[in-house]
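Each residue of the sequence shown is one higher than the one before, starting from 0 at the first, in numbering that gives the first Met the number 0. Taking it in order: structure first as structure tokens, then the write-up.
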Amino acid sequence: MLSDFLQQLYNAVDSIIIGQNLGSVALAGVGVATPIMSIVINFLMGLAMGTGVILSQYFGKGDIKTLKRVLSTGMIAGCVFTVVLSALCVGLSEYFLIWLGTPAEAIPPADSYLKIIFAGGVFTFLYNYYMFSMRAVGNSAAPLVFLGGGVILNAVLDVVLVVHTPLGIEGAAIATIAAQALTVILCAIYVRKRVEVLHLCRKEWVFDKKLFSTCMGYGLTVGLQQVVVYAGRIAVQGLVNTYDTDVMAGVNNATRLDALMQTPFRGYTNALTNYYAQNWGANKRMRIVSGFKDSLWLCLLNAAVAIALGTLLCVPLSQAFVGEGEGEKVVEVGARFLQVMVYGYVFMGIILLCQSLFKGVAKMKFFFMTTVSSILGRVAFSYLFEHFYGIEGIYWAVPASWLLAGSAACVFTVLTFVFRINKMPQNPFLKPALYNAELL
């Protein structure tokens, strides 16, 4: 939970320092860049997360030899894919911004920010790959320490490069990549010395075509899910871009705050994915059932706390992103958007809880379909509600889409328990046809 919160601080710190020191145009530039950047970063994170689930299953089974082959195959494939994708995105970043209808004054800072972030894509992938791999084998403390150190370094470099040099918004991007690169180096050293199960000697570096297919089946499904999420956000961002830069900045602030407030949900549901995967690999059905029931109560408790915070503290939270005495409209828009979004947190939490189960027991179709229903609902509701209610309609489209997807997730969860978990095979790794049939 804390690690996911720290992860969100990377971008939130950038926005706070940029907003406080460079003004609303630069902040709007980061806001426009965020959905585009997030598509690529979360796709890479999805590749790492998908492989991490496979690692959890083999770790639960106790098959360390195959676990290392998965680890090697996933890292080789992921690095090659990331380099190619990063090169394409660097060349196309300005066209993405133009396609979104970004105001002319916001394009230069947004484009500069994106190019630097994309150029460091391989560090983003490796950073997440190490994090998910360590969590897959039950080591959650080390990733938290490295992540915390990376956030602190990012904040320090942000202040130095944004405030005390003429780099401006480019300095924030450089700070993020530099912090991730250092974290990757530290993770590699730590794994070599302290996590034997994840350390690969020279002869263990292999590329297994069969395992590559399995890893990509999982990784691409999770990655595509992230693409769908942020493609939908880009579609909504295009609608937001028809308003002025103060509205754009306010919506961006609310989105950042929303991401931070979702971290308790995402933190424990990410941990649950590994929990389910390990018990699926070990064929421990009752632990999966009891884990889901206990987590449901935690989900409802987190939702109640988030609703209270979002309702009572929406204004001071939004004010953190702007300079003193500036951006009253930015604060107003951000506060109202956050206040409306938190009303849907019960449904959002249920979605994440159910999706952690789907990933852990290889029901990737249900995982993907839940995401699609959420994001298509958000896009459709945004354009429909905005037509009648203006910017307020975009706010209410978010909880409405979560209600739609949450209902679908509940149906899929019942089907998963009835037809998947209650009929768990004695050893799913000896039945690859059954296992792979569930992947997209």
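Virtual Cβ for every residue (Gly too), placed ideally from N, Cα, C. Small disclaimer: the values here were computed from a predicted structure and weren't measured.
Exercise. Could you say which of Val31, Ala27, Leu21, Gly51 lies nearest to leucine 271 if we only look at CA atoms?
Key: Sequence index remark: in the sequence shown, residue 271 carries index 272 (1-based). The residue with the shortest Cα to Cα distance from leucine 271 is Gly51.
Quiz prompt | C-alpha gap between proline 263 and leucine 300, whole angstroms | solution = Residue numbering aside, residue 263 sits at position 264 when the sequence shown is read from its first letter. Residue numbering aside, residue 300 sits at position 301 when the sequence shown is read from its first letter. About 11 Å.
Quiz item: Taking just the CA atoms, how far does glycine 222 sit from arginine 419?
Solution: Taking the sequence shown and counting its residues from 1, the one referred to as residue 419 is at position 420. Taking the sequence shown and counting its residues from 1, the one referred to as residue 222 is at position 223. Each residue's Cα considered, the two are about 23 Å apart.
Quiz item: Looking at C-alpha atoms only, which residue of Pro315, Ala404, Asp13 is the closest neighbour of isoleucine 151?
Solution: What you label residue 151 is simply residue 152 of the sequence shown in a count that begins at 1. Of Pro315, Ala404, Asp13, the residue nearest in Cα terms is Asp13.
Quiz item: What do you reckon, are the CB atoms on alanine 321 and methionine 260 nearer than 9 Å?
Solution: Sequence index remark: in the sequence shown, residue 321 carries index 322 (1-based). Sequence index remark: in the sequence shown, residue 260 carries index 261 (1-based). Correcting the residue identity first, residue 321 is valine in this sequence and not alanine. Not in contact: valine 321 and methionine 260 (Cβ atoms no closer than 9 Å).
Quiz prompt | Three-way DSSP call (helix, strand, coil) for threonine 241 in this model | solution = To locate residue 241, count along the sequence shown from 1; it is residue 242. In the structure shown, threonine 241 sits in coil (DSSP, three-state: anything other than H, G, I, E or B).
Quiz item: Taking the C-alpha atoms as reference points, what is the distance between alanine 103 and alanine 171?
Solution: On the sequence shown, residue 103 is found 104 positions in, with the first residue counted as 1. On the sequence shown, residue 171 is found 172 positions in, with the first residue counted as 1. So the two alpha carbons sit approximately 21 Å from each other.
Quiz item: Does the region 372 to 380 come within contact of the region 395 to 407, defined as at least 3 CB pairs closer than 8 Å?
Solution: yes
Quiz prompt | Boundaries of the alpha helix (DSSP H) in which proline 263 is found, first to last residue | solution = Position 264 of the sequence shown, counting from 1, holds the residue named residue 263. Unbroken alpha helix (DSSP H) run through proline 263: 262 to 280.
Quiz item: How big is the Cα-Cα spacing for serine 111 and glycine 120?
Solution: Residue numbering aside, residue 111 sits at position 112 when the sequence shown is read from its first letter. Residue numbering aside, residue 120 sits at position 121 when the sequence shown is read from its first letter. Inter-residue distance for serine 111 and glycine 120 is about 15 Å (C-alpha atoms, whole angstroms).
Self-check item: alanine 234 versus Thr415, Asn20, Ser381, residue with shortest Cα-Cα distance
Solution: The residue you call residue 234 lines up with position 235 of the sequence shown. Nearest to alanine 234 by C-alpha distance, out of Thr415, Asn20, Ser381, is Ser381.
Self-check item: Distance between lysine 292 and lysine 209 (C-alpha atoms, nearest Å)
Solution: Counted from its first residue, the sequence shown places residue 209 at position 210. Counted from its first residue, the sequence shown places residue 292 at position 293. Answer to the nearest angstrom: the Cα atoms are 35 Å apart.
Quiz item: Rounded to the nearest angstrom, how far is the Cβ of isoleucine 115 from that of isoleucine 184, given a contact under 8 Å?
Solution: Here residue 115 corresponds to residue number 116 of the sequence shown, with the count starting at 1. Here residue 184 corresponds to residue number 185 of the sequence shown, with the count starting at 1. With 8 Å as the limit, isoleucine 115 and isoleucine 184 do not qualify as a contact, their Cβ atoms being about 19 Å apart.
Self-check item: CA-to-CA distance, serine 317 to alanine 303, given in whole angstroms
Solution: For the purposes of this step, residue 303 is identified with residue 304 of the sequence shown, where counting begins at 1. For the purposes of this step, residue 317 is identified with residue 318 of the sequence shown, where counting begins at 1. Going by the C-alpha atoms only, they are around 20 Å apart.
Self-check item: Environment of arginine 232 [buried if 16+ CB atoms lie within 10 Å]
Solution: On the sequence shown, position 233 is the one that residue 232 refers to. Buried: at least 16 other Cβ atoms inside 10 Å.
Quiz prompt | Where lysine 358 falls, given that 16 or more other Cβ within 10 Å makes a residue buried | solution = Stepping through the sequence shown from its first residue, residue 358 is reached at position 359. By the 10 Å Cβ count, lysine 358 comes out buried.
Self-check item: Closest residue to alanine 105 among Leu312, Ala76, Val31, Cys200 (Cα-Cα distance)
Solution: What you label residue 105 is simply residue 106 of the sequence shown in a count that begins at 1. Looking at the Cα atoms, Val31 is the closest of the given residues.
Practice problem: Please state whether DSSP places histidine 386 in a helix, a strand or coil. | Solution: As a working note, residue 386 is residue 387 in the sequence shown. If DSSP states are grouped into helix, strand and coil, histidine 386 belongs with the helices.
Self-check item: Cβ contact (3+ pairs, closer than 8 Å) linking the region 245 to 260 and the region 406 to 422
Solution: No, the region 245 to 260 is not in contact with the region 406 to 422.
Practice problem: Within its chain, find whatever has a CB closer than 6 Å to the CB of cysteine 298; leave out the 5 residues flanking it on each side and keep chain order. | Solution: Within the sequence shown, residue 298 is the residue found at index 299, counting from 1. Within the same chain, cysteine 298 has close Cβ partners Gly348, Leu352.
Practice problem: State the start and end residues of the unbroken alpha helix (DSSP H) segment that holds threonine 310. | Solution: On the sequence shown, residue 310 is found 311 positions in, with the first residue counted as 1. That run of the alpha helix (DSSP H) goes 284 to 311.
Self-check item: Other residues of its chain near alanine 154: CB distance less than 7 Å, five sequence neighbours each side excluded
Solution: Walking along the sequence shown from the start, residue 154 turns up at place 155. Within the same chain, alanine 154 has close Cβ partners Val12.
Practice problem: Label lysine 430 either buried or exposed according to how many other C-beta atoms from any shown protein chain fall within 10 Å of its C-beta, with 16 as the threshold for buried. | Solution: Here residue 430 refers to the residue found at position 431 when the sequence shown is read from its first residue. The predicted position of lysine 430 is uncertain, since its pLDDT is 42 and thus under 50; a value taken from the coordinates is nonetheless stated next. It counts as exposed.
Practice problem: Quick one: grab the DSSP three-state call for asparagine 138. | Solution: Mapped onto the sequence shown, residue 138 falls at position 139. In the structure shown, the three-state DSSP call for asparagine 138 is coil.
Quiz prompt | Through-space distance from isoleucine 35 to valine 239, alpha-carbon basis | solution = One-based indexing of the sequence shown puts residue 239 at position 240. One-based indexing of the sequence shown puts residue 35 at position 36. So the alpha carbons of these two residues sit roughly 14 Å apart.
Quiz prompt | Three-state secondary structure assigned by DSSP to valine 329 | solution = For the purposes of this step, residue 329 is taken as residue 330 along the sequence shown, with counting starting at 1. Correct three-state label for valine 329: helix.
Practice problem: Could you check the C-alpha separation between glutamine 354 and lysine 192 for me, to the nearest Å? | Solution: On the sequence shown, position 355 is the one that residue 354 refers to. On the sequence shown, position 193 is the one that residue 192 refers to. If I take the Cα positions, the gap works out to 34 Å.
Exercise. Under 7 Å Cβ to Cβ from histidine 198, same chain only, skipping five residues before and after it: list those, please.
Key: Mapped onto the sequence shown, residue 198 falls at position 199. Result list for histidine 198: Val190, Arg191, in chain order.
Quiz item: Does the region 62 to 71 touch the region 200 to 207, meaning 3 or more C-beta pairs lie closer than 8 Å?
Solution: yes
Practice problem: Please state whether DSSP places tryptophan 204 in a helix, a strand or coil. | Solution: Residue 204 sits at position 205 when you count from the first residue of the sequence shown. In the structure shown, tryptophan 204 falls within a coil segment according to DSSP collapsed to helix, strand and coil.
Self-check item: DSSP three-state assignment for alanine 27, whether helix, strand or coil
Solution: Within the sequence shown, the letter at position 28 stands for residue 27. Helix at alanine 27.
Exercise. Verify whether the separation of the beta carbon atoms of phenylalanine 95 and leucine 113 is less than 9 Å.
Key: One-based indexing of the sequence shown puts residue 95 at position 96. One-based indexing of the sequence shown puts residue 113 at position 114. Yes, the Cβ-Cβ distance between phenylalanine 95 and leucine 113 is below 9 Å.
Quiz item: Using the rule of at least 16 other Cβ atoms within 10 Å of the residue's Cβ for burial, across every protein chain shown, is isoleucine 15 buried or exposed?
Solution: Translated into the one-based positions of the sequence shown, residue 15 becomes position 16. Result: buried.
Quiz item: Should leucine 404 go down as buried or exposed, given a rule of 16 or more other Cβ atoms within 10 Å for buried?
Solution: For the purposes of this step, residue 404 is taken as residue 405 along the sequence shown, with counting starting at 1. The question names leucine, yet the displayed sequence has alanine at residue 404. Buried: at least 16 other Cβ atoms inside 10 Å.
Quiz prompt | Neighbour flag for arginine 134 against chain C, beta carbons, 9 Å | solution = Absent here is chain C; the protein component of the structure consists of one chain.
Exercise. May I ask you to report which of helix, strand or coil DSSP gives glutamine 236?
Key: The sequence position of residue 236 within the sequence shown is 237, counting from 1. Three-state DSSP puts glutamine 236 in a helix.
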